[in-house]
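The sequence shown runs 1 to 837 under full-length UniProt numbering. Notes for the one structure printed next.
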Amino acid sequence: MLTIAETSGLIAAAVVLVQYMLPAAIAVILVRSAGNVNSAVTWSVLNRYIANTVWPHLLRADAVSNRYVSTSTKVLTWTSFIGAVLLVLASVLAPLGLSESILPGAAELIEFQYVKDPSPWGEVTMPRPNFKFSRYCEYGQTINCPGQYQGIYMNWTEEDGNRILRSFETDEHSTINTTIPRNFTEMFRSATSDLGNTLSGLFDIQYRRWTIDRVDIIDRGQPYVRGKSRHIESMVQADAILLKEGLIIDLRSNPGIGFRNHTIPRGLRYGGTWSEDITWIEPVTRCADTNLSVEVRTEITMKSFASNITQHVIDRGAFTDLSYLDLESRPWIDNQTLDLFAHALKAARMHNVLIAASLGVTLPLNGSTKTVPPHPIGTGVVSSIDLMSMKTSQLRGVDGVPPVIQVYDFNDPNTNSSNSSTSRTSTFIPYYPDGMNKLIALNYSAIEHICQGQYELSETGLDRRATGLDYPAIQCGALLGAPVDRVEESLSASSYTGVQMVQKNLYVCATAYKASIKTVRFRYNGTEAALPGLEVMDIAPKIYHNNASMPLWAVESSGNRSMNFDPLWGLVSKDYETTKGFDSSRSESLWLPTSPAMQVSLAQGDGGDALAATGGLLTRLAKLYEPWLGEPDYSGDMEYALYQRWARLSQNQIAASQIPSLILTNYLAAVLVGTKTSFTSRYVDWPASMAVDDSVHGVPSAKVEVYRRIIQYDIRYAIPSFLVLALLSAALAGAIWSATTASSIVQVMQRSYNQTSPGRLATNLLLNSDDDATQSPKTWIAAHGRSRLAFGKVIVPEDEWFCKILEEDGPDSDAAAKTISEAAEAERGQLLAGTAH
Numbered sequence: 001m002l003t004i005a006e007t008s009g010l011i012a013a014a015v016v017l018v019q020y021m022l023p024a025a026i027a028v029i030l031v032r033s034a035g036n037v038n039s040a041v042t043w044s045v046l047n048r049y050i051a052n053t054v055w056p057h058l059l060r061a062d063a064v065s066n067r068y069v070s071t072s073t074k075v076l077t078w079t080s081f082i083g084a085v086l087l088v089l090a091s092v093l094a095p096l097g098l099s100e101s102i103l104p105g106a107a108e109l110i111e112f113q114y115v116k117d118p119s120p121w122g123e124v125t126m127p128r129p130n131f132k133f134s135r136y137c138e139y140g141q142t143i144n145c146p147g148q149y150q151g152i153y154m155n156w157t158e159e160d161g162n163r164i165l166r167s168f169e170t171d172e173h174s175t176i177n178t179t180i181p182r183n184f185t186e187m188f189r190s191a192t193s194d195l196g197n198t199l200s201g202l203f204d205i206q207y208r209r210w211t212i213d214r215v216d217i218i219d220r221g222q223p224y225v226r227g228k229s230r231h232i233e234s235m236v237q238a239d240a241i242l243l244k245e246g247l248i249i250d251l252r253s254n255p256g257i258g259f260r261n262h263t264i265p266r267g268l269r270y271g272g273t274w275s276e277d278i279t280w281i282e283p284v285t286r287c288a289d290t291n292l293s294v295e296v297r298t299e300i301t302m303k304s305f306a307s308n309i310t311q312h313v314i315d316r317g318a319f320t321d322l323s324y325l326d327l328e329s330r331p332w333i334d335n336q337t338l339d340l341f342a343h344a345l346k347a348a349r350m351h352n353v354l355i356a357a358s359l360g361v362t363l364p365l366n367g368s369t370k371t372v373p374p375h376p377i378g379t380g381v382v383s384s385i386d387l388m389s390m391k392t393s394q395l396r397g398v399d400g401v402p403p404v405i406q407v408y409d410f411n412d413p414n415t416n417s418s419n420s421s422t423s424r425t426s427t428f429i430p431y432y433p434d435g436m437n438k439l440i441a442l443n444y445s446a447i448e449h450i451c452q453g454q455y456e457l458s459e460t461g462l463d464r465r466a467t468g469l470d471y472p473a474i475q476c477g478a479l480l481g482a483p484v485d486r487v488e489e490s491l492s493a494s495s496y497t498g499v500q501m502v503q504k505n506l507y508v509c510a511t512a513y514k515a516s517i518k519t520v521r522f523r524y525n526g527t528e529a530a531l532p533g534l535e536v537m538d539i540a541p542k543i544y545h546n547n548a549s550m551p552l553w554a555v556e557s558s559g560n561r562s563m564n565f566d567p568l569w570g571l572v573s574k575d576y577e578t579t580k581g582f583d584s585s586r587s588e589s590l591w592l593p594t595s596p597a598m599q600v601s602l603a604q605g606d607g608g609d610a611l612a613a614t615g616g617l618l619t620r621l622a623k624l625y626e627p628w629l630g631e632p633d634y635s636g637d638m639e640y641a642l643y644q645r646w647a648r649l650s651q652n653q654i655a656a657s658q659i660p661s662l663i664l665t666n667y668l669a670a671v672l673v674g675t676k677t678s679f680t681s682r683y684v685d686w687p688a689s690m691a692v693d694d695s696v697h698g699v700p701s702a703k704v705e706v707y708r709r710i711i712q713y714d715i716r717y718a719i720p721s722f723l724v725l726a727l728l729s730a731a732l733a734g735a736i737w738s739a740t741t742a743s744s745i746v747q748v749m750q751r752s753y754n755q756t757s758p759g760r761l762a763t764n765l766l767l768n769s770d771d772d773a774t775q776s777p778k779t780w781i782a783a784h785g786r787s788r789l790a791f792g793k794v795i796v797p798e799d800e801w802f803c804k805i806l807e808e809d810g811p812d813s814d815a816a817a818k819t820i821s822e823a824a825e826a827e828r829g830q831l832l833a834g835t836a837h
């Protein structure tokens, strides 16, 4: 499709073509109709007309010759010719530089309005309930959360000879009060509730779906709301930024979600662009390559429809520089300087030690051994192997539970003896010289717990750490990627063997949540007042000029005690920097704290209360490497587009790190929703309500750069025009100078033109006229303009005479002219006939 500029250029080209072709065509007709006998003034007019067409140049006439022409005349006439050519180019090219664009103009305050997501995401999102936010603490027990003391305590009781921790009521008013205390409410609204603030706080992140529950001991039997989980759709194959009801979902290389109840500017014909600061949750994963692969060989048997599947562990250097001492570890103390890759790498080395024990490989390898031969295995590697899929799992190793490593077999009296031939270490000491506890991973569960950052290991696997800023929530597991080396079966009947082989790399990964503020650039196209007209142009970390400008994060702390509650966290104002019972950090981001929800046995799909920002995030992280029944299939086995993305990301440990983060992002998007709009003007009152009472439209604090229709010009297309303008300027300057220095230049030009016109020149010479050569055209036309001039060699070059004047105004002049013309035409016809023969 042609643009306006291209159309204008074509029109200009057509006009130029007509401008030259029309006079040239008329000149041909004039010459044909004029013959060789005309009045003197007719010959002058005819000569002037032909001279103004392209015919003199095409015919290489005397008037365009360069021989014996004065230098000044030659230079000036060539300059005029070049100018004419440039003018043609300018008239065609100049319009091509024009373009019409829709560009952002000056920023201004524009009213915004809420828009509902027309997709299933909008339909599945339930209206906000007119209930207070509920908070429930103490997994497996019944006790009030911090800040609420309503007479419910825990006590040990004897039941059937067993000591059991039970809750009991101190009086008839005792209850579990799920209301969030006023001081907590004010604290976590302090940094996000001012007018036009687009950041989402603790109470702006809610469950997408909810249900009502009732328990007699909770809120004295009154109904309360808790979160509900439901899968909506798989989006991880999109590799794009999506806008869904209440969320910005980034499914590119750094997956994450931003919380925003979507609004668009009103009354903009062409739309606009603006930026907002958005609270962002990013599932961050780092994977370490175990340098182990699983090779799966499938052979279709000829005697049955069954397939013969064999699996081998392929060593790619997994056991190099490895020893049993790699099973020992210090507790992690990286806290908010979390190094997830270090966690994953340590877990991968521990994992490989146990794999070596399962395969009967003695560590360390001798100096000449780099890799061990392929080892056949059963179907117990991580999980059952699918040929064309990706799989995440808890660490399981090879063929189930690893054998006892004799070095750390504390039941063997020879284990720590110097006489033991299998001893690799000195007498085991359960702590380091500096007093730090020494952790030993003798099974895969212990590896996971060390990777998570637990300070001590127990048979129950419970995390004994306190709750607070220094204890980020980390989940670790295994990832068996999609095939990286694939030998396809030939489709040719002559070469078909029925054998297919794939190789899949095994990674150990560590995942955590990072909360931050990101600046999101939006663009609205203005075509319709609907969410599809809104798009995200860019997502970038918010820039801070100094430490004081960074956000202040607060995390609920249990001090030095281990308590079973999901800690509150979020943005707070500087007034709460030293609040008792909370840790605070002024930083660009926050690694979200751990909680009992991270214990897989306690995690659940639905929320235990209405605080989605706490348990709603952590329960999903806890289940990341151990999908439970009812969740969607992310293996790629049933969806080829998903398989293709997994295949691209399974090539190395850096790319593979995106896989768990993408899955977790999809999980979170289905569960959570943001309720904060760009024009929210309400404070979170106490008790904090889940209901959203914002108006459907309002004016945000951020200004919109309104798109306007703008005509632009590419100056490169104006170069011929500038050259023509330069020539014109020079010519005008020369003309002014000539007119100034020679006052009679106009008269000289008139006399020169008149005296060299064919009609006047012929009559003056042939009539031997003594008339004044400077007489005006009017005088000359009256005197000689009607003189009949005949040019003998115009039509028939062989005529003996060149030019003669017929009797002027005589009765026979017309007849004579007719006779001469007829004779000339006849002679020309004879010449043409002779040429044909």
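Glycine included, each C-beta is placed from N, C-alpha and C at the ideal position.
Proximal residues to Glu186 (C-beta, below 8 Å), its chain only, five neighbours per side dropped: Taking the sequence shown and counting its residues from 1, the one referred to as residue 186 is at position 186. Same-chain partners within the cutoff: Trp686.
Cβ of Lys518 within 8 Å of Cβ of Trp280? Translated into the one-based positions of the sequence shown, residue 518 becomes position 518. Translated into the one-based positions of the sequence shown, residue 280 becomes position 280. Yes, these two residues count as a Cβ contact at 8 Å.
First and last residue of the beta strand (DSSP E) that includes Arg226? As a position in the sequence shown, residue 226 is number 226, starting the count at 1. Annotation: the continuous beta strand (DSSP E) that includes Arg226 extends over Tyr224 to Lys228.
Validate contact between the stretch 499-515 and the stretch 229-249 using beta carbons, cut 8 Å, 3 pairs: Verdict: no, contact absent.
If you pair each beta-carbon of the stretch 548-558 with each one of the stretch 449-467, do three or more pairs fall below 8 Å? The answer is yes - the stretch 449-467 touches the stretch 548-558, with three or more Cβ pairs under 8 Å.
Where Ala504 falls, given that 16 or more other Cβ within 10 Å makes a residue buried: Translated into positions along the sequence shown, residue 504 becomes position 504. A quick correction: the sequence has Lys, not Ala, at residue 504. Looking at its Cβ environment, which holds 16 or more other Cβ atoms inside 10 Å, Lys504 is buried.
Please state whether the Cβ-Cβ distance between Ala691 and Arg128 is less than 8 Å. Within the sequence shown, the letter at position 691 stands for residue 691. Within the sequence shown, the letter at position 128 stands for residue 128. Cβ atoms of Ala691 and Arg128: closer than 8 Å.
Hey, Gln148 and Pro181: beta-carbon distance below 8 Å or not? Residue mapping note: residue 148 aligns to position 148 of the sequence shown, counting from 1. Residue mapping note: residue 181 aligns to position 181 of the sequence shown, counting from 1. Yes, the Cβ-Cβ distance between Gln148 and Pro181 is below 8 Å.
Rounded separation between Thr527 and Thr619 - CA only: In the sequence shown, the residue the question calls residue 527 occupies position 527. In the sequence shown, the residue the question calls residue 619 occupies position 619. Approximately 41 Å, taken between the alpha carbons.
Closest to Phe259 by CA distance: which of Ile659, Gln500, Asp216 and Tyr207 is it? Start at 1 with the first residue of the sequence shown, and residue 259 comes out as number 259. That would be Tyr207, whose Cα lies nearest to the Cα of Phe259.
CA-CA distance, Ala478 and Leu649? The residue you call residue 478 lines up with position 478 of the sequence shown. The residue you call residue 649 lines up with position 649 of the sequence shown. Cα-Cα distance, rounded: 15 Å.
Could you compute how far the alpha carbon of Gly636 sits from the alpha carbon of Phe319? Locating residue 636 in the sequence shown gives position 636, where the first residue counts as 1. Locating residue 319 in the sequence shown gives position 319, where the first residue counts as 1. Those two C-alpha atoms are separated by around 30 Å.
Same chain, Cβ closer than 7 Å to Thr192, five either side skipped, listed in chain order: In the sequence shown, residue 192 corresponds to position 192, counting from 1. For Thr192, same chain residues with a beta-carbon under 7 Å away, outside a window of 5 residues either side, are Leu199, Ser200, Gly201, Asp204 and Leu571 in chain order.
Cα-Cα separation, Tyr717 to Leu98: Against the sequence shown, residue 717 aligns to sequence position 717. Against the sequence shown, residue 98 aligns to sequence position 98. If you draw a straight line from the Cα of Tyr717 to the Cα of Leu98, it is about 9 Å long.
Out of Gly608, Ala548 and Tyr544, state which residue places its alpha-carbon closest to the alpha-carbon of Asp566. As a first step, residue 566 is located in the sequence shown; it is residue number 566 there, counting from the start. With distances taken between Cα atoms, Asp566 lies closest to Gly608.
Where does Val15 sit, in a helix, a strand or coil, going by DSSP? As a working mapping, residue 15 is identified with position 15 in the sequence shown. Collapsing the DSSP output to three states places Val15 in a helix.
Short of 6 Å in beta carbon distance, which residues of its chain neighbour Gly759, apart from the five on each side in sequence? Order them along the chain. As a working note, residue 759 is residue 759 in the sequence shown. Leaving aside the five residues that flank Gly759 on each side, the residues in its chain whose CB is nearer than 6 Å to its CB run, in chain order, Ala40, Val41, Trp43 and Ser44.
Determine the DSSP secondary structure at Arg521, reduced to helix, strand or coil. Translated into positions along the sequence shown, residue 521 becomes position 521. In the three-state reduction of the DSSP assignment, Arg521 falls in the strand class.
Quick check: the Cα distance between Lys623 and Trp591, rounded to an integer number of angstroms? Mapped onto the sequence shown, residue 623 falls at position 623. Mapped onto the sequence shown, residue 591 falls at position 591. Their Cα atoms are separated by approximately 18 Å.
On the DSSP letters alone, give me the boundaries of the beta strand (DSSP E) that Gln113 sits inside. Here the question's residue 113 lines up with position 113 in the sequence shown. Unbroken beta strand (DSSP E) run through Gln113: Phe112 to Tyr114.
In chain order, which alpha helix (DSSP H) runs of at least 4 residues are fully inside the stretch 739-777? For the stretch 739-777, whole alpha helix (DSSP H) runs of length 4 or above, ordered along the chain, are 745-755 and 758-766.
Terminal residues of the beta strand (DSSP E) in which Ser661 lies: For this step, residue 661 is matched to residue 661 along the sequence shown. For Ser661, there is no enclosing beta strand (DSSP E); the residue is part of the alpha helix (DSSP H) that begins and ends at Gln658 to Val671.
Whose C-beta lies closer than 7 Å to the C-beta of Thr211 among residues of the same chain, with five residues either side of it excluded? Walking along the sequence shown from the start, residue 211 turns up at place 211. Taken in chain order, the residues that qualify are Arg226 and Lys228.
Ends of the alpha helix (DSSP H) at Ser80? On the sequence shown, residue 80 is found 80 positions in, with the first residue counted as 1. Here the alpha helix (DSSP H) through Ser80 covers Thr71 to Leu93.
Quick one: is Phe184 buried, meaning 16 or more other Cβ sit within 10 Å of its Cβ, or exposed? Within the sequence shown, numbered from 1, the residue matching residue 184 stands at position 184. Flag for Phe184 reads buried.
What residue does the beta strand (DSSP E) around Trp274 start on, and which one ends it? Along the sequence shown, one-based indexing puts residue 274 at 274. For Trp274, the uninterrupted beta strand (DSSP E) segment begins and ends at Gly272 to Ile300.
With distance defined between alpha-carbon atoms, name the residue in Ile474, Asn437 and Glu295 nearest to Asn335. Residue numbering aside, residue 335 sits at position 335 when the sequence shown is read from its first letter. The candidate whose alpha carbon is nearest that of Asn335 is Ile474.
Take Glu631 as the anchor and find which of Leu268, His351 and Ile663 has the nearest alpha-carbon. Taking the sequence shown and counting its residues from 1, the one referred to as residue 631 is at position 631. Check the Cα spacing between Glu631 and each of Leu268, His351 and Ile663: the tightest is with Ile663.
Helix, strand or coil for Pro532? Go by DSSP, reduced to three states. Position 532 of the sequence shown, counted from the start, is the residue given in the question as residue 532. Assigned with DSSP and collapsed to three states, Pro532 falls in helix.
What residue ranges within the stretch 170-248 form continuous beta strand (DSSP E) runs of no fewer than 3 residues, ordered along the chain? Positions of the beta strand (DSSP E) runs, each at least 3 residues long and wholly inside the stretch 170-248, are given as 205-207, 209-213, 224-228 and 241-244 in order along the chain.
Are the CB atoms of Asn261 and Gly674 nearer to each other than 8 Å? If you number the sequence shown from 1, residue 261 lands on position 261. If you number the sequence shown from 1, residue 674 lands on position 674. Against a cut-off of 8 Å, the Cβ pair of Gly674 and Asn261 comes out as a contact.
So for Ile50, helix, strand or coil by DSSP? Within the sequence shown, numbered from 1, the residue matching residue 50 stands at position 50. Residue state, collapsed to three classes: helix.
Looking only at DSSP bridge pairs, what is Glu631 linked to? The residue given as residue 631 occupies position 631 in the sequence shown. Note: Glu631 sits in no beta bridge, so no partner.
Less than 8 Å between the beta carbons of Gln653 and Asp289, yes or no? Walking along the sequence shown from the start, residue 653 turns up at place 653. Walking along the sequence shown from the start, residue 289 turns up at place 289. Yes, Cβ-Cβ distance for Gln653 and Asp289 is below 8 Å.
Per-residue DSSP class, three states only, for His57: As a first step, residue 57 must be located in the sequence shown, where it is residue number 57. Here His57 sits in helix by DSSP.
Check whether the Cβ atoms of Leu195 and Ser701 sit closer than 8 Å, and answer yes or no. Within the sequence shown, residue 195 is the residue found at index 195, counting from 1. Within the sequence shown, residue 701 is the residue found at index 701, counting from 1. Yes, these two residues count as a Cβ contact at 8 Å.
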